[in-house]
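Here's the structure we're looking at; comments come further down.
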Amino acid sequence: MALLTLGLGSNLQPEYHISLALDALYAHFGELVLSSVFESEAVGFQGGNFLNMVVATHTDLPLDDISLLLKELENCSGRKRDQHRFSPRTLDIDILTLGDLQGEHHGIVLPRPEITVNAYVLWPMSQVCPERIDPHSGHSYRVLWAGYDRSQQKLWPVDFTWDGRRLSLSRTHVGPPQPQ
2 MALLTLGLGS NLQPEYHISL ALDALYAHFG ELVLSSVFES EAVGFQGGNF LNMVVATHTD
62 LPLDDISLLL KELENCSGRK RDQHRFSPRT LDIDILTLGD LQGEHHGIVL PRPEITVNAY
122 VLWPMSQVCP ERIDPHSGHS YRVLWAGYDR SQQKLWPVDF TWDGRRLSLS RTHVGPPQPQ
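Quick look at the structure:
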């Protein structure tokens, strides 16, 4: 089985859409390794803030089947395909890595170049697979995040609970997690 990592993002009812995506991904793949959930300003356009996270799981599905499944999940969340690339989204699910695949496959570049460019991908990626090596740099995602220029993009963890599990706490949260 290959390790599959996915980047999830939303800035239209983001708590709702990310929770639905996690439900669907769990139903399709089973066990999921989840990063914290982060809020960030929109990158590339003026718009509402996004919630982002990375999900890792193992699968035997081929890349084209995974891509079709993810597009269907996005469509079920009301994703509009006729909008500009940089625009508000109900749900965006990007395939970041699939096993050791490199290069372009079925129109998808792997590993996805944004991993090492955007804080909202690299920080959560460093949480779910910190020791995995980025083939372009030769460094682990943990090391890449440690050396990332954090002044480039504003990003912060937010309170987020899914399926009774607290995935993240805002940095303003003080004290033990609050009971649900």
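Just so you know, the working numbering puts 115 at position 114 of the sequence shown, and the rest follows in order with no gaps. Glycine residues also receive a C-beta, built at the ideal position from the N, C-alpha and C atoms.
- Proximity to F161 across S138, G45, L52 peaks at L52, based on C-alpha coordinates.
- A residue is called buried once 16 or more other Cβ atoms fall within 10 Å of its Cβ, and R166, having fewer, is exposed.
- Counted as a single uninterrupted DSSP element, the alpha helix (DSSP H) harbouring D65 occupies residues 64–77.
- A buried status is given to A57, since no fewer than 16 other beta-carbon atoms sit within 10 Å of its beta-carbon.
- With contacts defined by Cβ atoms closer than 8 Å, L123 and L111 do not form a contacting pair.
- Closest in alpha carbon position to G79, among P114, N12, R143, is N12.
- Distance from the Cα of N76 is smallest, within the candidate group R133, G148, I19, L92, for L92.
- For R143, the uninterrupted alpha helix (DSSP H) segment begins and ends at 142–147.
- With a 10 Å radius around the Cβ and a threshold of 16 neighbouring Cβ atoms, G139 comes out exposed.
- At the C-beta level, S41 and Q154 come within 8 Å of one another.
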